[in-house]
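A short worksheet on the structure shown next.
2 protein chains.
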Amino acid sequence: MSAEIRIVLVNTSHPGNIGGVARAMKNMKFSELHLVEPKKFPHIEADNRASGATDILEHAVVHETLEQAIADCHLVVGTSARGRHIPWPVVDPRELSSIVSSAGDKKIAVVFGREDRGLTNEELHLCHHHVHIPSNPDFSSLNLAAAVQVITYELRMAGLYREQAEEHKPQWGTDWDIDLAESADLERLFAHLEETLIDIDFLDPENPRQLMARLRRLYLRSVPDKVEVNILRGILTAMQKQLKD
Amino acid sequence: MSAEIRIVLVNTSHPGNIGGVARAMKNMKFSELHLVEPKKFPHIEADNRASGATDILEHAVVHETLEQAIADCHLVVGTSARGRHIPWPVVDPRELSSIVSSAGDKKIAVVFGREDRGLTNEELHLCHHHVHIPSNPDFSSLNLAAAVQVITYELRMAGLYREQAEEHKPQWGTDWDIDLAESADLERLFAHLEETLIDIDFLDPENPRQLMARLRRLYLRSVPDKVEVNILRGILTAMQKQLKD
Chain G
106 MSAEIRIVLV
116 NTSHPGNIGG
126 VARAMKNMKF
136 SELHLVEPKK
146 FPHIEADNRA
156 SGATDILEHA
166 VVHETLEQAI
176 ADCHLVVGTS
186 ARGRHIPWPV
196 VDPRELSSIV
206 SSAGDKKIAV
216 VFGREDRGLT
226 NEELHLCHHH
236 VHIPSNPDFS
246 SLNLAAAVQV
256 ITYELRMAGL
266 YREQAEEHKP
276 QWGTDWDIDL
286 AESADLERLF
296 AHLEETLIDI
306 DFLDPENPRQ
316 LMARLRRLYL
326 RSVPDKVEVN
336 ILRGILTAMQ
346 KQLKD
Chain D
106 MSAEIRIVLV
116 NTSHPGNIGG
126 VARAMKNMKF
136 SELHLVEPKK
146 FPHIEADNRA
156 SGATDILEHA
166 VVHETLEQAI
176 ADCHLVVGTS
186 ARGRHIPWPV
196 VDPRELSSIV
206 SSAGDKKIAV
216 VFGREDRGLT
226 NEELHLCHHH
236 VHIPSNPDFS
246 SLNLAAAVQV
256 ITYELRMAGL
266 YREQAEEHKP
276 QWGTDWDIDL
286 AESADLERLF
296 AHLEETLIDI
306 DFLDPENPRQ
316 LMARLRRLYL
326 RSVPDKVEVN
336 ILRGILTAMQ
346 KQLKD
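Chains as they are written, first to last, in this note's numbering: chain G, 106 to 350; chain D, 106 to 350.
Right under this line is the structure:
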């Protein structure tokens with residue numbers, strides 16, 4: 106049970122940007138694109154920028170008004186720069202994702218405005234929330250595809266984190282190929298290491314200082330797997346063999 | 106006290122993408138761009154796509170090799186698709202941001218590969234961690250500027266949240282007593298290690314298999330400090346001395 110999310114673009118001037126948005130959406134596994142009065146659509150520049158996401162353009166729904174595009178949605182969120190004349194509940198993209206995560210199987214629209222002027226106040230007032238991407242105040246002009254990329258990335262992350270919630274995710278990622286070393290393996294490694302360091306006169310048993318502690322810390326920090334421990338012990342054995350020969 | 110973050114682009118084919126990256130960076134208030142062997146740079150298409158972020162292009166540093174571009178960095182993170190032949194510690198952009206947040210005033214490089222082929226295995230093996238943007242498995246081809254947009258957005262969010270929270274969750278601890286090793290220190294360590302392993306007949310240069318890759322991964326994962334690197338090199342030197350005596 107998860108939300109159905111549509112991306113709504115209002116009055117886009119450049120068809121290339123619509124293509125860029127389609128690509129950004131598909132990268133993050135979203136597919137529902139709604140267009141309100143696009144200046145030029147369909148258009149070859151949209152197809153070119155979409156590069157592989159033209160299926161999203163083919164299924165895009167074109168509307169005459171924003172009201173129509175969002176009519177059946179339960180939650181409408183408009184993208185906005187800060188400092189509108191009447192304050193609205195403003196969330197950042199992460200807060201938006203958490204709202205969407207907890208929305209269950211609702212229909213949700215995220216609405217993006219014109220390249221140059223964004224959404225009008227009237228359009229923003231159709232929205233339940235506004236979302237603001239906290240970009241550099243001195244250079245906040247994200248292009249349309251970049252803004253959609255950031256928002257859809259956050260929505261996808263929220264979905265993935267929710268899926269993983271029950272599942273233990275090891276430090277190195279789930280696809281590590283070797284079993285981790287057990288503590289006893291590591292203790293044998295450290296004993297072998299200490300013995301070898303004495304053999305090569307690197308460690309003075311009369312004055313060991315913090316050498317072994319530092320080495321333990323270094324190796325333990327990386328949480329070695331069994332093959333790695335075997336390699337290290339193989340190196341120590343090879344060294345000891347050289348000393349005997 | 107916060108990390109100094111550089112974006113490194115390796116062998117970029119299209120100058121327009123370099124401009125798009127500059128714009129994405131400036132949107133999220135980053136400015137340090139390093140380029141390794143760009144095909145065409147400087148270039149008018151880079152300036153056009155940067156639209157307002159040409160200052161970043163003007164200050165971009167061009168290098169001949171990735172090693173040079175990261176030599177003074179304490180933490181190097183390479184962007185990677187999943188499924189490399191030898192698994193490396195993989196984080197998502199949010200986990201990366203949390204690592205960076207806790208790093209204090211370190212120098213950090215985030216490295217992006219070629220448009221078509223990403224980073225080579227050799228380049229990925231120079232990195233402490235890999236970062237993977239969890240895009241749609243069926244359509245994962247984020248363009249370069251979009252990938253930089255997502256990563257820099259996460260890094261900026263982490264910075265903003267940190268400012269709000271005034272609280273750190275340090276990985277190494279803010280009170281780590283020793284400076285972290287720089288990439289160049291680590292490369293000298295690995296060269297010394299390889300040499301010694303050949304000396305003790307553990308590594309066969311005719312058939313090296315994945316030995317050095319596995320050892321690099323083990324040590325890089327723990328992000329060693331300078332004293333730890335000195336200890337390891339001291340051990341190698343002691344071994345070599347024993348062989349000569």
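By construction, the Cβ of each residue, glycine as well, lies at the ideal position given by its N, Cα and C atoms.
Bear in mind the structure is a predicted one, so any value in this text is a computation, not a measurement.
Around Leu320(D), the same chain offers Leu298 as residues with beta carbons nearer than 7 Å, after the five sequence neighbours per side are excluded. Using a Cβ-Cβ cut-off of 7 Å, Val255(G) counts as an interface residue toward chain D, since at least one Cβ of chain D sits closer than that to its own. Residue state for Lys331(G) is assigned as helix, using DSSP reduced to three classes. Closest option to Ile161(D), judged by alpha-carbon separation, among Leu285(D), Pro143(D), Ile123(D), Val196(D): Ile123(D).
Under the three-state reduction of DSSP, Glu200(G) is assigned to helix. Assignment of Ile110(D) by DSSP, reduced to helix, strand and coil, places it in the strand class. The C-alpha of Val182(G) is placed about 5 Å away from the C-alpha of His235(G). In the same chain as Ala263(G), and ignoring 5 residues on each side of it, the C-beta atoms closer than 6 Å to its own belong to Ser202, Ser206, in chain order.
Contact annotation for Phe307(D) against chain G: Gly339, Ile340, Ala343 [CB-CB distance below 7 Å, chain order]. When the beta-carbon positions are compared, Arg111(G) and His139(G) come within less than 7 Å of each other. In chain order, Gly124, Thr159, Leu162 place their CB closer than 7 Å to the CB of Asp152(D), counting only its own chain and leaving out the 5 sequence neighbours on each side.
Within the segment 311-323 of chain D, those residues whose Cβ lies closer than 9 Å to any Cβ of chain G are, in chain order, Leu316, Arg319, Leu320, Arg322, Leu323. Secondary structure in the segment 132-196 of chain G: the alpha helix (DSSP H) runs of 4 residues or longer, each lying completely within the stretch, are 149-155, 159-163, 171-175 in chain order. Three or more beta-carbon pairs separated by less than 8 Å are not found between the segment 283-303 of chain D and the segment 215-229 of chain D, which leaves the two stretches without contact. Spatial neighbours of Arg338(G) in its own chain (CB-CB distance under 8 Å, excluding positions within 5 residues in sequence) are listed in chain order as Arg293, Leu294, His297. In this structure, DSSP gives Arg219(G) an extended state, which the three-state scheme calls strand. When CB distances to chain G are screened at a threshold of 9 Å, the residues of the segment 134-158 of chain D falling below it are Lys134, Phe135, Ser156, Gly157, Ala158, in chain order. Under DSSP, His234(G) takes part in a beta bridge, and its partners are Val182(G). One finds nothing in chain D with a Cβ atom closer than 9 Å to the Cβ of Pro120(G); even the nearest lies about 18 Å away. A direct Cα-Cα distance of roughly 43 Å separates Ile336(G) from Met133(D).
At least one CB atom of chain D sits nearer than 7 Å to the CB of Asn132(G). In this structure, Val126(D) and Ala250(D) form a Cβ contact; the two beta carbons are roughly 5 Å apart against a cut-off of 8 Å. Interface annotation, Ala251(G): in contact with chain D, CB-CB separation under 7 Å. In the DSSP assignment, His297(G) falls within the unbroken alpha helix (DSSP H) covering 288-304. DSSP, reduced to helix, strand and coil, places Lys211(G) outside both helices and strands of the structure shown, so it counts as coil. Annotation for Glu227(D): the continuous alpha helix (DSSP H) segment containing it runs 226-229. Within chain D, the residues whose beta carbon sits less than 8 Å from that of Ser327(G) are Leu323, Tyr324, Arg326, Ser327, listed in sequence order. At least 7 Å separates the beta-carbon of Arg128(G) from that of Ala108(G). When rounded, the separation of the alpha-carbon atoms in Arg261(G) and Cys178(G) is 19 Å.
DSSP links Leu341(D) through a beta bridge to no other residue. Distance between Cys232(G) and Tyr258(G), taken at the CA atoms: about 21 Å.
Between Val334(G) and Ala214(G), the C-beta gap is not smaller than 7 Å, which leaves the two residues out of contact. The C-alpha of Asp306(G) is placed about 12 Å away from the C-alpha of Leu348(G). With a contact defined as Cβ atoms closer than 8 Å, Glu150(G) and Asn116(G) miss out at about 17 Å. Residues of the segment 231-245 of chain G whose Cβ lies closer than 9 Å to any Cβ of chain D, in chain order: Ile238, Pro239, Ser240, Asn241, Pro242, Asp243, Phe244, Ser245.
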